[in-house]
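Residue 271 in full-length UniProt numbering sits at position 271 of the sequence shown, with consecutive numbering throughout. For each residue, glycine too, the CB sits at the ideal point set by N, CA and C. The structure displayed is predicted, hence computed values, not measured ones.
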Amino acid sequence: MSTTLDAAKTRAGVKLARQVFLLRLLGLGLGAVAVGGVLYEQGHDWPAWALLFGNGYIWPFVAYALSRRSSNPRAQEQRNLIVDSAMGGLWIAVMQFNFMPSLLLFVTLTMDKLAFGGWKLLPRTVGIQLLTCALVSWMLGFGFAPESSLPVMLACVPHFVAYPLTVASVTHGLLQLSHRQRLEITKLARTDPLTGLLNRGHWEQKALDEIQRFQRSHSKASLLVIDIDHFKNINDRYGHLAGDKVIKAFADTISSVTGKSDSAGRYGGDEFVVVLPNATIAEASDIAQRIQARIREVDIEGGPSRLLSTSIGVAALERGIDTLDDWIGRADVALYKAKAGGRDRVVEAPSMTAAFKPPIPSQ
Numbered sequence: 001m002s003t004t005l006d007a008a009k010t011r012a013g014v015k016l017a018r019q020v021f022l023l024r025l026l027g028l029g030l031g032a033v034a035v036g037g038v039l040y041e042q043g044h045d046w047p048a049w050a051l052l053f054g055n056g057y058i059w060p061f062v063a064y065a066l067s068r069r070s071s072n073p074r075a076q077e078q079r080n081l082i083v084d085s086a087m088g089g090l091w092i093a094v095m096q097f098n099f100m101p102s103l104l105l106f107v108t109l110t111m112d113k114l115a116f117g118g119w120k121l122l123p124r125t126v127g128i129q130l131l132t133c134a135l136v137s138w139m140l141g142f143g144f145a146p147e148s149s150l151p152v153m154l155a156c157v158p159h160f161v162a163y164p165l166t167v168a169s170v171t172h173g174l175l176q177l178s179h180r181q182r183l184e185i186t187k188l189a190r191t192d193p194l195t196g197l198l199n200r201g202h203w204e205q206k207a208l209d210e211i212q213r214f215q216r217s218h219s220k221a222s223l224l225v226i227d228i229d230h231f232k233n234i235n236d237r238y239g240h241l242a243g244d245k246v247i248k249a250f251a252d253t254i255s256s257v258t259g260k261s262d263s264a265g266r267y268g269g270d271e272f273v274v275v276l277p278n279a280t281i282a283e284a285s286d287i288a289q290r291i292q293a294r295i296r297e298v299d300i301e302g303g304p305s306r307l308l309s310t311s312i313g314v315a316a317l318e319r320g321i322d323t324l325d326d327w328i329g330r331a332d333v334a335l336y337k338a339k340a341g342g343r344d345r346v347v348e349a350p351s352m353t354a355a356f357k358p359p360i361p362s363q
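What follows is the structure, given as structure tokens:
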């Protein structure tokens, strides 16, 4: 288990390193253009240009390779970001604090650290940047020439335009991914993993909502409790994998018959529940019979060759039903009568003010 988790963390770290690589390549590459404008005006020799080229166009690939080969890519990427900060401090000192490109480097590198490691990483990287800047400035004689010429400012424009737009695009993509993940988590939290139907907690809440609505406005609602006939025999004879296929097929059939406003869920084992808002018991029975008809058409590969069938109990929401247990209990009693009467049938729970209705035989 630990090995699997470590592998997952490594894959996530490599994916993160790839995202940082693309931003580093763009940011340092365009940053090198801005710094190069100052180096040109100051008349630097080839060693400075070679170092700038290496930092802007070779270092991003080296940093990415280090992260990919590391057993902890995220930790390695933090070290790479520290190198970025140190080099930023070096170039600010070499440019003698030329205002526009120095501001560009400081703000961009600070933004990168905040985006990657938050406020926890920022003090260390800014401290290293300032220390490197002070040390290099001391070595070069504390030169100070903050004025930025028009050519230097123009050299900063590509970075000022392209880099923020790219960061915004990446951020938007991450937000979209986060939104999809939240939706998936919400779905997993309320659905049964095998069937995709609502889990017990969620369909029970839907049923409770209908009870409360009935108590306020006496609105119609009905409940189906559905049981797969002879499911234990199917499991024993064909195995649990075939049993799972049967359960999934039943769930898909129920979903295909019920409407968007209905709430179909798994009760447990081989039993299902459907909450039908605004449905009379007659309308609910019609839906139950349509479910039965569809079930008879289901063919399970590796499962039973005979026709599948289901028994269904139907209970309308009415006066005298005050709790969810009351409602489910009435549908359960009807389901029991359906099974006792030969299975493969729908039984309506009698109204509390009317005589019991006979089972509806299969057609």
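At a Cβ-Cβ threshold of 8 Å, S256 and L198 do not count as neighbours. When the five nearest sequence neighbours on each side are left out, the beta carbons in the same chain lying within less than 6 Å of the beta carbon of L308 are those of I295 and V298, in order along the chain. Under the rule that a run must span 3 or more residues, the beta strand (DSSP E) segments found entirely inside the stretch 206-238 read 221-228. Each residue's CA atom was taken as its position, placing I247 and T125 some 57 Å apart. Distance from V83 to A48 at the Cβ level is roughly 18 Å; contact not present, criterion being Cβ atoms closer than 8 Å.
A distance of 8 Å or more separates the beta carbons of E77 and S85. For L317, the three-state secondary structure derived from DSSP is coil. Residues I82, S85, A86 and G89 of the same chain have their beta carbon placed closer than 8 Å to that of I128, with the five preceding and five following residues left out of the count. G320 sits exposed, since fewer than 16 C-beta atoms from the chains shown fall within 10 Å of its C-beta. In the DSSP secondary-structure assignment, L276 is bridged to S222.
Taking all protein chains shown into account, S149 has fewer than 16 neighbouring C-beta atoms within 10 Å of its C-beta and is therefore exposed.
In the structure shown, T310 adopts extended strand secondary structure according to DSSP, grouped into three states. Proximity of the stretch 18-27 to the stretch 152-168 meets the contact definition, three or more beta-carbon pairs being nearer than 8 Å. In the structure shown, R330 falls within a helical segment according to DSSP collapsed to helix, strand and coil.
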